[in-house]
Amino acid sequence: MKKLSVLIASLSLAALVAPSTVFAAKADGPKAKAMQKYDTNKNGKLDADEIAAIRKDFAATPEGDLKRFDADKDGKLSDEEVAKIVPGSGTKAGGGKKADTEKKADEKKAGDTKKN
Numbered sequence: 001m002k003k004l005s006v007l008i009a010s011l012s013l014a015a016l017v018a019p020s021t022v023f024a025a026k027a028d029g030p031k032a033k034a035m036q037k038y039d040t041n042k043n044g045k046l047d048a049d050e051i052a053a054i055r056k057d058f059a060a061t062p063e064g065d066l067k068r069f070d071a072d073k074d075g076k077l078s079d080e081e082v083a084k085i086v087p088g089s090g091t092k093a094g095g096g097k098k099a100d101t102e103k104k105a106d107e108k109k110a111g112d113t114k115k116n
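Each residue of the sequence shown is one higher than the one before, counting from 1 in my numbering.
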């Protein structure tokens, strides 16, 4: 019985620690780093002057840290690409498989609606 109690306590502790490490990883991720650098007024948003600074830095160093946000690889950061820098924007830079799958599902659904 004592072994079972120790096992349950260990699992409970692991459940509490694991999520905090996930949040720590996101806090140190590329979006968080970009926001720390460019969100100069610390309002959690990218204002026009901050966006201009991002685009200026990207143009000066297209192979730098901001490269990952140029999803369409056109050498510029569009409004949509800049918006994805804000943590919690919902998608990773580049869209990823999930975003592509959801887009295809939405297109299929729209097509099915037109047929009815």
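All C-beta atoms, glycine included, are put in the ideal place defined by N, C-alpha and C. Quick caveat, the model's predicted, so the values are computed rather than measured.
- Sorting 73, 65 and 55 by C-alpha distance to the C-alpha of residue 82 places 55 at the top.
- Around the beta-carbon of residue 50, 16 or more other beta-carbon atoms lie within 10 Å, marking it buried.
- Burial state of residue 34 is buried, judged by a 10 Å Cβ sphere holding 16 or more other Cβ atoms.
- Rounded to whole angstroms, the gap between the alpha carbons of residue 37 and residue 76 is 19 Å.
- Secondary structure at residue 46: coil, using DSSP grouped into helix, strand and coil.
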